[in-house]
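**Q** In the order they appear, the protein sequences are chains E and D. Under the numbering used here, the first residue of the first sequence is numbered 1, with each subsequent residue one higher. Under the numbering used here, the first residue of the second sequence is numbered 1001, with each subsequent residue one higher.
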Amino acid sequence: MANRIVVDPITRIEGHLRIEAEVKEGKIVDAYSSGTMIRGFELILKGRDPRDAWAFTERACGVCTTVHALASVRAVEDALDITVPPNAELVRNLMFCAQYLQDHVVHFYHLHALDWVDVVSALKADPKKTSEIAQSISSWPKSSPKYFADVQKRLTAFVNSGQLGIFANGYWGHAAYKLPAEVNLLGTAHYLEALEWQKEVVKVHTIFGGKNPHPNYLVGGVPCSVNLDESNALNAERLAYVGTLFEQAVEFVEKVYLPDLLAVASFYKDWGGIGSGLPNYLAYGDLPVHGFKNTKDFKFPRGAILDRDLSHVHEVDGKNTEQVQEFIKHSWYEYSSGDDSGKHPWDGETQLKYSGPKPPYEHLDVDAKYSWLKTPRWKGHPMEVGPLARLLVAYASGRADVKEVVDGALKALDVPVTALFSTLGRTAARGLETKLIAGWSKEFYNQLLANIKNGDTRMFNSERWDPSTWPKEAKGVGLSEAPRGALAHWIVIKDGKIANYQLVVPSTWNASPRDAKGQRSAYEAALLGTPVKNPDQPLELLRTIHSFDPCIACAVHLYDEKGRYIHQINTF
Amino acid sequence: MSDTRLTMWEYAQIQGYSRRDFLRFCGWLAAAAGIEASGVGQVVKAMETKPRLPVVWFHFQECTCCSESFIRSSHPIVSDIVLDKISLDYTETLQAAAGHQAEEALHATMKKYKGEYLMLVEGSIPTEADGVYCCIGGRTALDIVKEAAAGAKAVVAWGSCASHGCIQAARPNPTGATPVHKVVSGIPIINVPGCPPIAEVMAGVVVHLLAFERPPLLDGLNRPKAFYSRRIHDTCYRRPNYDAGLFVETFDDESAKRGYCLYKMGCRGPVTYNACGVMRWNNGVSYPIQSGHNCIGCTEENFWDNGPFYQHLASFPGFGIESTADTVGVTVGLVTAAGIAAHAISTNIRKRKLIQEGVKESGNARTDKEGGA
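If you want it as structure tokens, here you go:
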């Protein structure tokens, strides 16, 4: 008889996620993932000015802030056939890179590390040994025995205070924690350092977009202007500031994040065989080098992989209505064409229809509908999206820089390529792409300086700013890669207003419930076989779920093509 | 686990901070909380004697931008404060525990520190359909917020979601998103609007509560006056361009490259109360207008429905005094002078009125809202 465990709230994520899992003989045999909060973005967007949509959709998520704004301006630019100036593309790329650098580091240390690092065990560490380990893996200067002794002293004071705050009730001492006390101390010290560090690199957003979280974007370019002879614009000082922020960020990634990742991973190699999940991977690709229309030149290529066949990358087209479709068989919505049909976002319809248990509830009725997330499919296939999908698509596309980084890590850890298809693989892929992005950010920065040096200071294309220049009706799609995976916005513009707007976001792909055919999405699939030694402390479940970096607030949405006020919730 | 609760000063000592560091920190706290130099001694005393305040942080209908902003708080020791010097006993974003262990930690604090803990709320509360649009641990946000508020010392409503509903409350508000103050009553509520609020504003509010054990002076909308009593327009470094009739006409035009006023691009600075112009963002690096984009008014109620964002304010009904300045940009020359004069006069009238209101309001506020939280 399987034992049903419920983890709600799943913490150290963005949004509200609930996992119900069946555990039998110490392993998860079935799992159900549910998004339990909804805000209704798409309905709210109807009738608004398309140029405002970036600001609305950016508020889908404050953790991966900027990514929805980028997808949104691209959707509008696609619909209105606007090409942004090269400098604007570079500034967007730099903001993209800054976001990834900050987001991936925060995920590793603040959202994921406590699944692998036992903070309480760090109290028993020998700071001298921690120092030796730190110095053997990195030249990062904060690595003296005294430094680690101070961190330990501080931690001891914290525990002795009797108020454990964010560390209260953790699964400390759980048998699945494998790191020596000294590495736990190293991880804890860097947890605190990373918290200090992360607030710096986001200043790239503040310089270009005025604030962070939620910097400003602009349809047709970026809002900041270049004027080397003016203190009110991007001048040498501002650009130098950006350069310094990137240098510091890259140093932290190379000297702290990546060495820590490899050090921690080396103790958890068995997780290279756990949490494999779906065999299909999808990436829309991003970081254009020669304009957004030249998809072949993206740093992250676009494509899909089926059945882990790395010899073939399938073409992905956001405008093909047969490719991306959303299903609602197990979601609290209804379709006029019935629960078994799927709909492309341009043709979609959604009617909220809560049919779950009346709160407070113990369990969801997982045989029926059980989530506010819809279920997206690519040509009918469930797809995993995220850092691993991006790297695999790039790897399979023969990108030399990606191959080098991936092969290097596999060699360093002495694990086979199949270890990538796992909980550990996802966590490692996130780190490896951070390394790639660190390198690419320098290229983009240098290119921006070169353009300005050559006299090109354009940041905005004003040709179609005025709605009177727009066609009566237009459709667009904005494809991007959020830190958590493939992100796309679809827009329909009529008479200068938003007639339809649809977001299909990474965590909708990964965290969604089953589809009409009963196929599991990525979280549910990856949890199968994940061990749970102690059902009261499902630490291992958290590892697999956190390896996806859940971000649920963006994943739930509603929309109604006829613009009706939908409140058909009075069914219970 | 012992029940001892260390004071901030004891705590700082254990952590190896010198007395000098500690005093400097207290000075910073005082500055951040908008306290005059003569009040620093009071801060030092408070920090020496106060144990760590138990804090619970809820997430409802939100995007976590407030939490993200909070951890951007710039002064190095501030992140220590939020991690260590308060006791953050429940926060879905950062805490190690999940599921029922997280809920247990929450309930332990609510029970043990009944009437003492500080409740921070990020996000609005959906009230339609009996609250099914946001459930945590099988319970509705509405249920949770009411239960937790009943035992809290005070509530801080972080950001525009908790303060006035923000984006999910925008037309047609499909889930019945509602701010905290409309579902909770009987305890002090401090609204800290913004999407998100500035990191140092958030830290400043916590610090004020911690050091003085009472809410900061609030305005009529329960916002701390220290950060929300000035219009962005009145503190904007581009204001002289406005007064001179120098406006950006299109993004990235010659005027934009010179940093002229963004009023005609739709700037909401004239109707938005926030500290962006004074404190700026991310440790003073910039703010939206400085980086070339108009203010979208993210601290104001219903700002999402007060659009479109790129349509300038004079076209809106009910917008009074600055409409004269709009004429300035359209026809330069003599009208400019007239416009400036008209604006200057109206501003002065407004200034006098504000001072009078301020005097009256602060008198009331002290009796109404400074009651010991």
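C-beta atoms are modelled at their ideal positions from N, C-alpha and C, and glycine is treated no differently. Note that the coordinates shown come from a computational prediction; the quantities given were computed from them, not determined experimentally.
Answer yes or no: does any C-beta atom of chain E fall closer than 8 Å to that of D:S1185?
**A** In the second sequence, counting from the first residue as 1, residue 1185 of chain D sits at position 185. Taking Cβ atoms only, chain E never reaches closer than 8 Å to D:S1185, which makes this a no.
**Q** Taking E:D456 as the query, report the chain D residues whose CB atoms sit under 7 Å from its CB, ordered along the chain.
**A** On the first sequence, position 456 is the one that residue 456 of chain E refers to. In chain order: nothing, as chain D lies at least about 12 Å away.
**Q** How about D:S1073 and D:A1199: do their beta carbons lie closer than 8 Å?
**A** Indexing the second sequence from 1 puts residue 1073 of chain D at position 73. Indexing the second sequence from 1 puts residue 1199 of chain D at position 199. Yes, Cβ-Cβ distance for D:S1073 and D:A1199 is below 8 Å.
**Q** For chain D, is any of its Cβ atoms less than 8 Å away from the one on E:P223?
**A** Here residue 223 of chain E is taken as the residue at index 223 of the first sequence, counted from 1. E:P223 counts as touching chain D.
**Q** Near D:G1115, which residues of its chain fall below 7 Å by C-beta distance, leaving aside the five closest residues on each side in sequence?
**A** In the second sequence, the residue the question calls residue 1115 of chain D occupies position 115. If we look at D:G1115 and ignore the five residues flanking it on each side, its Cβ neighbours are G1151 and K1153.
**Q** With DSSP run on the structure shown, which of helix, strand or coil describes E:Q351?
**A** As a first step, residue 351 of chain E is located in the first sequence; it is residue number 351 there, counting from the start. Strand.
**Q** Can you tell me which of the three DSSP states E:S371 falls into?
**A** On the first sequence, position 371 is the one that residue 371 of chain E refers to. Here E:S371 sits in strand by DSSP.
**Q** For E:R48, return the contacting residues in chain D, with the cut-off set at a CB-CB distance below 8 Å.
**A** As a working note, residue 48 of chain E is residue 48 in the first sequence. Those are G1307 and P1308, listed as they occur along chain D.
**Q** Starting from E:P360, find everything on chain D with Cβ-Cβ shorter than 9 Å and list it in chain order.
**A** One-based indexing of the first sequence puts residue 360 of chain E at position 360. Neighbours of E:P360 on chain D, chain order: C1135, G1137, G1138, R1139, T1140 and D1143.
**Q** Do the CB positions of E:D126 and E:E182 come within less than 8 Å of each other?
**A** What you label residue 126 of chain E is simply residue 126 of the first sequence in a count that begins at 1. What you label residue 182 of chain E is simply residue 182 of the first sequence in a count that begins at 1. Yes.
**Q** Runs of 4 residues minimum, wholly inside the stretch 70-115 of chain E: which ones carry the alpha helix (DSSP H) assignment?
**A** The qualifying runs are 86-106.
**Q** Which of helix, strand or coil does DSSP assign to E:W271?
**A** Residue 271 of chain E sits at position 271 when you count from the first residue of the first sequence. Here E:W271 sits in helix by DSSP.
**Q** For E:D515, does the count of other Cβ atoms within 10 angstroms reach 16, so buried, or fall short, so exposed?
**A** Sequence index remark: in the first sequence, residue 515 of chain E carries index 515 (1-based). E:D515 should be labelled buried.
**Q** Along chain E, which residues have their Cβ under 8 Å away from the Cβ of D:I1167?
**A** On the second sequence, residue 1167 of chain D is found 167 positions in, with the first residue counted as 1. Under the 8 Å cutoff, chain E gives R39, F41, I44, F56 and R59.
**Q** Is it right to say E:K435 is buried, meaning 16 or more other beta carbons lie within 10 angstroms of its own, or is it exposed?
**A** Residue mapping note: residue 435 of chain E aligns to position 435 of the first sequence, counting from 1. With 16 or more other Cβ atoms within 10 Å, it is buried.
**Q** Would you list the residues sitting across from D:D1252 in a DSSP beta bridge?
**A** Residue mapping note: residue 1252 of chain D aligns to position 252 of the second sequence, counting from 1. DSSP, once it has assigned bridges, lists no residue as partnering D:D1252.
**Q** Name the chain D residues that come within less than 8 Å of E:L218, Cβ to Cβ?
**A** Position 218 of the first sequence, counted from the first residue, corresponds to residue 218 of chain E. Ordered by position in chain D, the residues that pass the 8 Å Cβ test against E:L218 are F1251 and H1293.
**Q** Nearest chain E C-beta to D:V1285 closer than 8 Å, yes or no?
**A** As a first step, residue 1285 of chain D must be located in the second sequence, where it is residue number 285. Taking Cβ atoms only, chain E reaches closer than 8 Å to D:V1285, which makes this a yes.
**Q** Mind listing which residues of the stretch 136-149 of chain E have their C-beta closer than 8 Å to chain D's C-betas, in chain order?
**A** For the stretch 136-149 of chain E, which is checked against every Cβ of chain D, not one residue is closer than 8 Å.
**Q** Is there a Cβ of chain E sitting closer than 8 Å to that of D:G1115, yes or no?
**A** Numbered from its first residue, the second sequence carries residue 1115 of chain D at position 115. No, D:G1115 lies away from the interface with chain E (no Cβ there is under 8 Å from its Cβ).
**Q** Select from the stretch 10-35 of chain E all residues with a C-beta closer than 7 Å to any C-beta belonging to chain D, and list them in chain order.
**A** Answer set for the stretch 10-35 of chain E: I10, T11, R12, E14 and H16.
**Q** Can you name the residues of chain D whose CB is closer than 8 Å to the CB of E:Q163?
**A** One-based indexing of the first sequence puts residue 163 of chain E at position 163. Going along chain D in sequence order, the residues near E:Q163 (Cβ under 8 Å) are R1005, R1052, P1054, S1087 and D1089.
**Q** Checking 8 Å against the spacing of the C-beta atoms, do E:D8 and D:I1136 come in under that value?
**A** The residue given as residue 8 of chain E occupies position 8 in the first sequence. The residue given as residue 1136 of chain D occupies position 136 in the second sequence. Yes, they are a contact pair.
**Q** Check whether the Cβ of D:I1189 lies closer than 8 Å to any Cβ atom in chain E.
**A** Locating residue 1189 of chain D in the second sequence gives position 189, where the first residue counts as 1. Cβ-Cβ to chain E under 8 Å: no for D:I1189.
**Q** Once the 5 residues before and after D:P1172 are set aside, which same chain residues still bring their CB inside 6 Å of it?
**A** The residue given as residue 1172 of chain D occupies position 172 in the second sequence. Counting only Cβ-Cβ distances below 6 Å, and skipping sequence neighbours, we find nothing.
**Q** State yes or no: is the beta carbon of E:I207 nearer than 8 Å to at least one beta carbon in chain D?
**A** The residue labelled residue 207 of chain E in the question sits at position 207 within the first sequence. Yes, E:I207 lies at the interface with chain D (some Cβ there is under 8 Å from its Cβ).
**Q** Using only alpha-carbon positions, find the residue among D:A1097, D:K1112, D:T1127 and D:F1022 that is nearest to D:L1053.
**A** Taking the first residue of the second sequence as position 1, residue 1053 of chain D is located at position 53. For the residues D:A1097, D:K1112, D:T1127 and D:F1022, the minimum Cα distance to D:L1053 belongs to D:K1112.
**Q** Check whether the Cβ atoms of E:I552 and E:E14 lie closer than 8 Å to each other.
**A** Here residue 552 of chain E corresponds to residue number 552 of the first sequence, with the count starting at 1. Here residue 14 of chain E corresponds to residue number 14 of the first sequence, with the count starting at 1. Cβ atoms of E:I552 and E:E14: closer than 8 Å.
**Q** Mind checking E:N280: buried by the 16 CB within 10 Å criterion, or exposed?
**A** As a first step, residue 280 of chain E must be located in the first sequence, where it is residue number 280. E:N280 should be labelled buried.
**Q** Could you tell me the distance, in whole angstroms, from the CA atom of E:R92 to the CA atom of E:E481?
**A** Within the first sequence, the letter at position 92 stands for residue 92 of chain E. Within the first sequence, the letter at position 481 stands for residue 481 of chain E. Answer to the nearest angstrom: the Cα atoms are 13 Å apart.
**Q** Counting only C-beta atoms, is E:M95 closer than 8 Å to chain D at any point?
**A** For the purposes of this step, residue 95 of chain E is taken as the residue at position 95 of the first sequence. Closer than 8 Å: no.
**Q** Report the residues of the stretch 242-270 of chain E with a CB closer than 7 Å to any CB of chain D, ordered along the chain.
**A** Residues: none.
**Q** Roughly how many angstroms separate the alpha carbons of D:F1316 and D:V1201, rounded to a whole number?
**A** In the second sequence, the residue the question calls residue 1316 of chain D occupies position 316. In the second sequence, the residue the question calls residue 1201 of chain D occupies position 201. Here D:F1316 scores only 43 on pLDDT, less than 50, and its place in the model should not be relied on; the value that follows carries that caveat. Each residue's alpha carbon lies about 30 Å from the other.
**Q** Leaving out the 5 sequence neighbours to the left and right, which residues in its chain are closer than 8 Å to E:R48 when beta-carbon positions are compared?
**A** Mapped onto the first sequence, residue 48 of chain E falls at position 48. Answer for E:R48: F56, K497 and I498, listed in chain order.
**Q** Just to make sure I have the definition right: I need the residues of chain E whose C-beta is within less than 7 Å of the C-beta of D:I1296. Which are they?
**A** Mapped onto the second sequence, residue 1296 of chain D falls at position 296. What D:I1296 touches in chain E: A55.
**Q** Would a C-beta distance cut-off of 8 Å place E:R484 and E:S468 closer than the cut-off?
**A** Looking up residue 484 of chain E in the first sequence gives position 484. Looking up residue 468 of chain E in the first sequence gives position 468. The answer is no: Cβ separation not under 8 Å.
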